[in-house]
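Contents: one structure, followed by commentary.
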Amino acid sequence: MESTVAITATPTVETKLRAEHISMSFTRDGESMPVLEDINLEVGNGEFLCLLGPSGCGKSTLLSIIAGFLSPTSGEVKIDGEIVRGPDPRRIFVFQERGVFPWLTVEGNIGFGLFKLTRAERDRRIAHYIKMVGLEGFGKSYPSELSGGMKQRLEVARALAVNPDMLFLDEPFGALDSITRLIMRGELLRIWEAERKTIIFVTHDIDEAVQLADRVAVMSARPGRIQEIVNIDIPHPRDINSARYLELRTGIFNQIGLAHHL
Amino acid sequence: MTTLAESRNWEKFFWPIAVAAVLLVLWHYSVVWTATKIFPSPLDVERGLIGLFHKNVLWNDIADSLRRVALGFGAAAILGIPIGLVLGWYPAIDQVVNPTMQLLRPISPIAWIPVAIIFFGVGDKAAVFLIFLAAFFPIVVACVDGVSNVPSVFRRAGRNFGLTAAQLLARVVFPAALPQIIIGLRIALGISWLVVVAAEMIAVDSGLGYLVIDSRNSGKHYDLVVAAMLIIGVIGLLLDSGFRRLEKIKSVRWGFRDAS
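Line order of the protein sequences matches chains C and Y.
Under my numbering, the final residue of the first sequence carries the number 262; numbering is consecutive throughout.
Under my numbering, the final residue of the second sequence carries the number 1260; numbering is consecutive throughout.
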């Protein structure tokens, strides 16, 4: 296992994000419940990092802290050397498709964050991102007229339209059927390669993590800790039948403590 | 009608009309069999209706009732929507105001009639005030509920794009709560139409409510009483179905059950 799973956590590029000693506990019925314990994490500029862990391990909480929606009980998150104190349009959080606004058309959703731009510039960006996510012809449609996969692409387009330098995705494809999910992974990689945003992607799906990420941070069950960071050293497009892919996948399965025989 | 197949076009109209016709026949024969001298038969009412439509006073009564509802309901909406949005947005204020509101809310607007007459005297203002009271609370409550039911993902997404609190309220919270607000407005309009009739029986001397009570008092014209009741029903139905058209607007249709 030592040879198949790299433990190094040093990004080769400049550091974009640094989480230092993040701990988080919620109080429930008067009792303090630790959710995250001493999380340390570095993410490089332009990197695609997956946070992988079982349900309830606190990975979504960690992402909410990184995005500035929650403050940690202790520790701090620094992005570009600045401490995160709240949400910021330079870093957009993508929910499952539930985040699109049902009262706005596709165009209205994509243009939502562009209120500071001139009309012409806004229209130009809307057209650009409608095309990028393959929603041409649906500009005047409302989300209720779209499929789940289309809504998800719409939410990604809305996020990209404000030209953020980071994207936080919280199990974005969790509600999609398995075929749409595969297609969406391919789309996300294509967009990531075109725009080179730094992406932090939360998932509980091992295959998804190994298919997408540069590195996978494997988290333990509650209280969540980062157990290991796995380098996925396979170039894109990845052959999901290659020996190296299966080797990394098995390594993570073992790390999480799941035998791969059912 | 018992199959799952869509009912044919003529059936959509035939059966409702059949039900109404059966009721009319029942009504007619009840009057004939009981040989009542006071209660009018459908034919008496029809003659009463025709008589009313030939008199200008009916149109003035309808206009007066509608005007009072428009003023009272309009004022309730103009005041109630912002107040409800603020109370929904700041739960701390809501907690302070809510107990008083819950106490006032179950008091029937009818019970306010004497108070309204002390405040405004017998006349238009008293009636408008009563309608305002009747519409105000349902509107406020619908707005509070609407705002507090806005999913937190929408608020988070709005904050994420750098909206100020005022922008968040206008661009996320209000449109997200709008379907529920529209339902509240519709309920409030229905209550307003109920209350205007009651208010006009006591507080003013015009309008459809006054027509009902005046027809009774000036010689027991029960054919006119029932005719006025039918007119009230038809106008109420028209108001409601007019309001329902708002629910079909695309930017709010998502919030209704039959959204497609």
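Glycine included, C-beta positions come from ideal geometry on N, C-alpha and C.
- Note on the region 99 to 186 of chain C: whole beta strand (DSSP E) runs with a minimum of 3 residues are 166 to 170, in chain order.
- When Cβ-Cβ separations below 7 angstroms define contact, lysine 1250 of chain Y makes contact with chain C.
- Comparing alpha carbon positions, the residue from C:Asn109, C:Gly108, C:Asn241, C:Pro143 closest to arginine 1253 of chain Y is C:Pro143.
- For the pair leucine 52 of chain C and glutamate 247 of chain C, the Cα-to-Cα distance works out to about 17 angstroms.
- Isoleucine 1078 of chain Y: member of the alpha helix (DSSP H) spanning 1056 to 1089, first to last residue.
- Residue-level contact by beta carbon holds for serine 144 of chain C and chain Y, with a gap shorter than 7 angstroms.
- Scanning chain C for C-beta atoms nearer than 7 angstroms to the C-beta of valine 1153 of chain Y yields Phe95, Arg98, Gly99, reported in chain order.
- Look at glutamate 47 of chain C here: in three-state DSSP terms it is coil, with no helix or strand label.
- At the C-beta level, asparagine 45 of chain C and glutamate 14 of chain C come within 7 angstroms of one another.
- Proximity of glycine 139 of chain C to chain Y, defined by a Cβ-Cβ separation below 7 angstroms, is not satisfied.
- According to the DSSP secondary-structure assignment, methionine 219 of chain C is paired through a beta bridge with C:Ile226.
- In the three-state reduction of the DSSP assignment, lysine 16 of chain C falls in the strand class.
- DSSP places glycine 1219 of chain Y outside any beta strand (DSSP E), giving it a letter other than H or E.
- Against chain Y, a Cβ distance below 8 angstroms from isoleucine 110 of chain C picks out nothing, because the smallest value is about 12 angstroms.
- When DSSP states are grouped into helix, strand and coil, proline 1016 of chain Y belongs to the helix group.
- Shortest Cα-Cα distance from alanine 1176 of chain Y to any of Y:Leu1163, Y:Ile1131, Y:Ser1148, Y:Lys1125 involves Y:Ser1148.
- In the assembly as shown, lysine 197 of chain C is a buried residue. Its beta-carbon has 16 or more other beta-carbons within 10 Å.
- Note that the C-beta distance between glycine 1207 of chain Y and aspartate 1094 of chain Y is not below 7 angstroms.
- Ranked by Cα distance from alanine 1075 of chain Y, the options Y:Ala1135, Y:Val1234, Y:Phe1174 are led by Y:Ala1135.
- When the beta-carbon positions are compared, phenylalanine 173 of chain C and isoleucine 200 of chain C stay at least 7 angstroms from each other.
- Look at proline 1175 of chain Y: its C-beta is under 7 angstroms from a C-beta on chain C.
- Nearest to methionine 33 of chain C by C-alpha distance, out of C:Pro223, C:Gly134, C:Ile79, is C:Pro223.
- Going by beta carbons, threonine 105 of chain C and lysine 151 of chain C fall outside the 7 angstroms limit.
- Pairing methionine 1229 of chain Y with valine 1212 of chain Y, the inter-Cα distance amounts to about 7 angstroms.
- Those residues of the region 59 to 80 of chain C placed with their C-beta closer than 9 angstroms to a C-beta in chain Y are Ser64, Ala67, Gly68, Phe69, ordered along the chain.
- If you look at threonine 250 of chain C, you'll find it in the alpha helix (DSSP H) that goes 243 to 256.
- For tryptophan 1254 of chain Y, at least one C-beta of chain C is nearer than 7 angstroms to its own C-beta.
- Arginine 1159 of chain Y belongs to the set of residues whose beta carbon lies under 7 angstroms from a beta carbon in chain C.
- Neighbours of glycine 148 of chain C in chain Y, taken as residues whose beta carbon is under 9 angstroms from its own, are absent, since the nearest beta carbon is some 15 angstroms off.
- At a cut-off of 7 angstroms between beta-carbon atoms, glycine 1123 of chain Y makes no contact with chain C.
- In the DSSP assignment, glutamate 1247 of chain Y falls outside any beta strand (DSSP E) and carries neither an H nor an E.
- Any Cβ of chain Y closer than 7 angstroms to the Cβ of glycine 113 of chain C would place that residue at the interface, and such an atom is present.
- If you look at serine 1192 of chain Y, you'll find it in the alpha helix (DSSP H) that goes 1174 to 1202.
- Comparing alpha-carbon positions, the option among Y:Ser1065, Y:Ile1139, Y:Pro1099, Y:Ala1111 lying closest to isoleucine 1232 of chain Y turns out to be Y:Ser1065.
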